[in-house]
């Protein structure tokens, strides 16, 4: 029996090629994190299930504005379904759901899979990372807090017979529309990211975000129903009521069904409370990521 031939082997050099492309530096890294965060928020590049909540919330937020514009086109200003002031309060339930579902996507996985040292090995700091995530979620939230009201504004102008006169009548509301949308988006994004940064799993993070808004809303409604001295301070337990009060303080336009209308507090109180919410959330994020090992 003849001997088997010795197996021959070849070693191939499959080492990494040297990178000769542009090095975008810190700004490029931050922009990349923002872009990736936006894609993750809306489930782009992922399964269809990941797109249900963000795109469903966006459609539901836009739907009342579409209906209001259609009614405006058909019957003119005889029926005014929504004002600029009460639109965000009307869709307020969608905002915590969106934040609870999408904020964990931006921060929990990075911590759970221990990839943060890879981020921080590049020319970005912890604050850069936090700022990029905050910008990404805020931009996504603007699709719910700003886009529908801008659609309502555009529809009112275009549905008028005299576009110039209509634009002159409506243009004064534009700073309030933009400011209110940005205020809601930034504060809610900061709160959501701060809560989620403390959770180890996405499910826990989502539940914690919903609990904050749900418990705050229930306690606010309970104290307001009891009347007496508690009624005045009840809106300060509800983050959405705080933001609505800050919107009214900065840009005017009261909402009859909001707890702010029933409370007897100076509107500046809600502005201070909104600033405290934002600062507290940013402080939690800064402290949380300062403890992350590189």
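Residue numbers (this note's numbering): 1 to 294. Even for Gly, the Cβ is constructed at its ideal location relative to N, Cα and C. Just so you know, these numbers come straight off a predicted model, no measurement behind them.
Membership of residue 50 in the alpha helix (DSSP H) is indicated by the continuous run 49-75. Restricting attention to 179, 135, 56, the CA atom closest to the CA of residue 84 is found in 179.
Runs of alpha helix (DSSP H) with 4 or more residues, each lying fully within the region 138-207, are found at 147-159, 163-170, 174-196, listed in chain order.
Under the criterion of beta carbons closer than 8 Å, residue 234 and residue 208 do not qualify as touching, at roughly 22 Å.
Annotation for residue 237: 216, 219, 220 place their beta carbon closer than 6 Å to its own, counting only its chain and skipping 5 residues before and after. Per DSSP, residue 270 is one residue of the alpha helix (DSSP H) stretching across 267-290. Sequence-distant partners of residue 153 (beyond 5 residues in either direction) whose C-beta falls short of 8 Å from its own C-beta, in its chain, are 84, 170, 173, 174, 177.
Excluding five sequence positions before and after residue 278, the CB atoms of its chain that fall closer than 6 Å to its own CB belong to 187, 190, given in chain order. In its chain, beyond the 5 residues on either side, 231, 234, 259, 262 have a beta carbon closer than 7 Å to the beta carbon of residue 224.
Residue environment: residue 102 is assigned as buried (16 or more neighbouring CB atoms within 10 Å of its CB, all protein chains considered). Nearest to residue 124 by C-alpha distance, out of 41, 265, 26, is 26. In this structure, residue 182 sits near residue 146, with a CB-CB distance shorter than 9 Å. Residue 117 sits away from residue 210, with the two beta carbons spaced by 9 Å or more. Relative to residue 41, the option among 139, 131, 250, 66 whose CA is nearest is 139. Exposed is the label assigned to residue 113, since fewer than 16 other Cβ atoms lie within 10 Å of its Cβ.
Taking residue 159 as reference, the option from 73, 38, 46, 254 with the minimal CA-CA separation is 73.
Boundaries cannot be given for residue 43, as no alpha helix (DSSP H) includes it and DSSP labels it neither H nor E. Take residue 194, set aside five residues on each side of it, and the residues of its chain with a beta-carbon closer than 7 Å to its own are 281, 284, 285, in chain order. For the pair residue 68 and residue 155, the CB atoms are nearer than the 9 Å cut-off. Inside the region 107-139, DSSP marks whole alpha helix (DSSP H) runs of 4 or more residues at positions 116-120, from first to last along the chain. Between residue 266 and residue 243, the alpha-carbon positions lie close to 14 Å from each other. Separation of residue 168 and residue 134 (C-alpha to C-alpha, rounded to the nearest whole angstrom) is 35 Å.
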